[in-house]
Amino acid sequence: MKSIFIGLVIAVSTLTASTAKSTQSTVSIKEFVSSYLQMKNAFTQDNSTGAADAGEKMEVAFKNFDKSVLTPVQKKTFEDVEADAKEHAEHIGKNSGNIAHQREHFVLLSKDIYDLVKTFGAGQVLYKDFDPMANNGKGAFWLSETKDIKNPYMGKAMLTSGSIKEEIK
Amino acid sequence: MRLLNKILISIGTLIIGIQFFRPALNKSNQVTDTDISKIVTTSDTVQALLKNACYDCHSNNTNYPWYSNIQPVSWLMAKHIRQGKEELNFSEFGSYSPRRQLSKLNGIANSIRDDIMPLSSYKLMHKNAALSTYEEELLIKWVQQARDSLSVKN
Chain V
-17 MKSIFIGLVI AVSTLTASTA KSTQSTVSIK EFVSSYLQMK NAFTQDNSTG AADAGEKMEV
43 AFKNFDKSVL TPVQKKTFED VEADAKEHAE HIGKNSGNIA HQREHFVLLS KDIYDLVKTF
103 GAGQVLYKDF DPMANNGKGA FWLSETKDIK NPYMGKAMLT SGSIKEEIK
Chain E
-18 MRLLNKILIS IGTLIIGIQF FRPALNKSNQ VTDTDISKIV TTSDTVQALL KNACYDCHSN
42 NTNYPWYSNI QPVSWLMAKH IRQGKEELNF SEFGSYSPRR QLSKLNGIAN SIRDDIMPLS
102 SYKLMHKNAA LSTYEEELLI KWVQQARDSL SVKN
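Set out below in structure tokens:
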């Protein structure tokens, strides 16, 4: 009788522990990270249409994101980023053929996605790279999934310009 | 000949008819608390430049020219103003989140530097909206100062 009771206690506690864990991991910003990286890679290839496609993908990701799983504090951060990032994604999506304009928005979008990653975790290792010459000489950073420098602001003209500033785990 | 008359009369009627359909005017005489001049330090010179070059489409107060009384001119204008305000509204700048305020300021400097704004079609009709190099630099410097002051605040 006693052993049944102990067994029951263990079963219940593992069950609650696992549900607690699963609610925590439901906040996934994978869609934002993947569309961001797709966009970044298109820019490194000077591919304006590819960047626009990724921008549209990110817009959809924002539309489909379920905010009900967020805590009030998380929600505040998310909505602050969302209002800004959605607009950048939309502009990048609409401006296929005008890569200079798309890259201007990408400067600010990179900051937004960085903040999302810092708050929620990317689920993968990312590198924060910086190029002091990008953004009209004011400098700009971007996020990358690889250690090699591939500069989305300069593209093929100066692909390896820049350096790693931070490894985000 | 009779047919031609009929066509001319119907076109005339149509033109007169559409004069009665006017979109609501984008007019507000008070400066709102969310106006950009209340959020960041804006000199009178910069304020005047913004009013001349930007506010017709990017604020709650348009300075209408005489021909805006003729249709379909005001319909086209109303559309431009709606789209312009959607993108950036100087009268409601204070209601944007801090992050968006910085983004918008960046966008202002970029559009001026890249000669996207003011629109060339707008400059064609508003000669004093065309910015000289000096005026452009003035605005870009103002944007930079505004960005710095907001970054410190947040």
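One line per chain: the protein sequences are V and E, in this order. When we follow the working numbering, the leftmost residue of the first sequence carries the number -17, and every step to the right adds one. When we follow the working numbering, the leftmost residue of the second sequence carries the number -18, and every step to the right adds one. Just so it is clear, CB atoms sit at the ideal spot from N, CA and C, and this is done for glycine as well.
- In this chain, the beta strand (DSSP E) harbouring V/F112 covers 108 to 113.
- Under the Cβ distance rule, E/R63 does not count among the residues neighbouring chain V, no pair being separated by less than 8 Å.
- Across the set V/P114, V/L98, V/N133, the C-alpha of V/L98 shows the shortest separation from the C-alpha of V/K12.
- Residue pairing by DSSP leaves E/W123 without any beta bridge partner.
- Identification of residues in the segment 58 to 91 of chain E having a C-beta nearer than 7 Å to some C-beta of chain V yields S78, R80, R81, S84, N87, N91, given in sequence order.
- The CB of V/D62 comes closer than 9 Å to the CB of S78, P79, R80, R81 in chain E, given here in chain order.
- The beta carbon of E/S132 is closer than 8 Å to those of L83 in its chain, skipping five residues each way along the sequence.
- Taking the Cα positions, E/A111 is about 46 Å away from V/K129.
- One Cα belongs to V/L52, the other to E/Q28, and the distance between them is close to 42 Å.
- Checking the DSSP bridge columns, you'll see V/F123 partnered with V/F112.
- For V/I150, the enclosing beta strand (DSSP E) starts and ends at 145 to 150.
- Looking at the backbone, the Cα of E/C35 and that of V/F44 are separated by about 31 Å.
- Against chain E, the beta carbon of V/L90 has neighbours under 7 Å at S84, N87, listed in chain order.
- Taking a Cβ-Cβ cut-off of 8 Å, V/A71 has no neighbours in chain E, whose nearest Cβ is about 12 Å from it.
- Distance from the CA of E/T15 to the CA of E/K(-13), rounded to the nearest whole angstrom, comes to 54 Å.
- Of all C-beta pairs linking the segment 67 to 78 of chain V to the segment 104 to 114 of chain V, fewer than three are shorter than 8 Å, placing the two stretches out of contact.
- Straight across, the Cα-Cα distance linking V/Q27 with V/S145 is about 18 Å.
- E/P53 and E/I(-1) do touch by the CB rule: their CB atoms are close to 6 Å apart, below 8 Å.
- In this structure, DSSP gives E/I(-3) a helical state, which the three-state scheme calls helix.
- Runs of the alpha helix (DSSP H) lying entirely within the segment 49 to 80 of chain E, each at least 4 residues long, are 54 to 68 in chain order.
- The alpha carbon of E/S55 has as its nearest neighbour, out of E/K66, E/T13, E/F2, E/N33, the alpha carbon of E/F2.
- Annotation: Cβ neighbours of V/D66 in chain E (cutoff 8 Å, chain order): S78, R80, R81, S84.
- Closer than 9 Å at the C-beta level to chain E, one finds these residues of the segment 79 to 111 of chain V: A82, H83, E86, H87, V89, L90, K93, D94, D97.
- A buried status is given to E/G88, since no fewer than 16 other beta-carbon atoms sit within 10 Å of its beta-carbon.
- Residue burial is scored here from C-beta neighbours: E/S130 has fewer than 16 other C-beta atoms within 10 angstroms and is therefore classed as exposed.
- Nearest to V/S30 by alpha-carbon distance, out of V/D48, V/K138, V/G79, is V/G79.
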